[in-house]
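Going by my numbering, the sequence shown opens with residue 3, and the numbers climb by one from there.
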Amino acid sequence: MNFWNDIEDCLNNEGFEPLIENESIHWQSERASFNIKYKDIAFEGNRLAWYQDEEYGRCSIKIKYANGIILNWQPKSNHSDFGFRLHYIKWFGYKLIAIYTEKHRTYIVKIENLTVTILYGGNIDKIKITNDRIFVKEFQNNDFFQFIYINSDPFSESGVYCIPLVNLKSKVLQIELESFNNYFLIMDKEYNKVTTQGKNSYSS
């Protein structure tokens with residue numbers, strides 16, 4: 003199914019009339035204007051998720067499941083009026099990982115089985131994302147980095163560990179962290195740009 007049409011149907015059911023143009027979906031309510039950027043849509047198999055922005059900062063991440071259930075989650079912030087910036091949204095199997103920044107902090111969030119888990123909240127200097135792990139180095143911390151297991155059980159330990167930075171280049175890890183801002187500039191160009199390849203569908 004075409005995910006543009008699927009998102010449009012969801013918005014129509016909420017009483018909106020969205021317009022799709024320039025790799026984005028935008029619409030207006032009585033209170034504000036909204037938009038969904040193409041790069042802020044994640045799909046895999048029959049799973050569809052998107053981040054919708056609102057001009058006054060009341061943003062949300064939505065997930066449409068195959069059974070028709072729609073999860074609507076509003077990002078955590080003490081300054082929602084300042085707004086958010088979404089850096090990353092992607093499925094890892096049945097787990098959705100999203101990374102966003104509010105006024106003072108950057109958060110890494112996992113959503114699985116209708117459960118939202120905050121994996122990290124802080125100020126990121128460098129980052130690396132692999133198939134099953136996220137590596138984070140904070141500003142002004144040259145001794146340790148955060149080591150996050152994406153596949154940790156949300157009902158047990160968080161799967162977040164603090165490890166000496168010297169271990170990054172060990173024979174076991176061999177990880178090169180990259181600048182946080184540059185990392186996601188590259189992601190914007192490479193990830194989810196499927197319209198240029200003629201692929202805009204998923205299995206609903």
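Just so you know, even glycine gets a beta-carbon here, dropped at the ideal spot from N, CA and C.
Straight-line gap, residue i to residue j (C-alpha atoms, nearest Å)
i	j	result
ILE152	ARG135	5 Å
LEU187	GLU16	33 Å
VAL138	GLN76	23 Å
ILE99	ASN115	13 Å
TRP29	THR108	27 Å
ASN4	ARG60	27 Å
SER31	ASN37	11 Å
TRP6	PHE146	42 Å
GLY70	ILE131	30 Å
ILE43	ILE72	15 Å
ASN74	THR117	11 Å
ASN144	ILE101	22 Å
LYS66	LEU50	5 Å
LYS112	TYR90	12 Å
ASN133	VAL162	16 Å
HIS81	ARG33	19 Å
ILE150	GLY124	14 Å
Test item: CB-CB of residue i and residue j under 8 Å
i	j	result
ILE110	TYR122	yes
GLU10	SER35	no
Assumed close pair residue i, residue j - CB separation to whole angstroms, cut-off 8 Å
i	j	result
PHE86	THR103	7 Å
GLU180	LYS128	6 Å
LYS64	TRP52	6 Å
Cβ neighbours of residue i in the same chain (closer than 7 Å, five flanking residues each side left out)
i	result
LEU13	PRO20 and TRP29
LYS78	TYR109 and ILE120
CYS164	PHE146 and GLN148
ASP55	PHE36, ASN37 and CYS61
PRO166	ASP145 and PHE146
Beta-carbon proximity list for residue i, same chain, < 6 Å, skipping 5 on both sides
i	result
LYS39	SER26
GLU46	TRP93
TYR185	ILE129
LEU88	ASP42, TYR53 and TYR102
Own chain partners of residue i with C-beta closer than 8 Å, once the 5 adjacent residues on each side are dropped
i	result
ILE126	THR108, VAL138, LYS139, GLU140, PHE141 and PHE182
ILE22	TRP6 and GLU10
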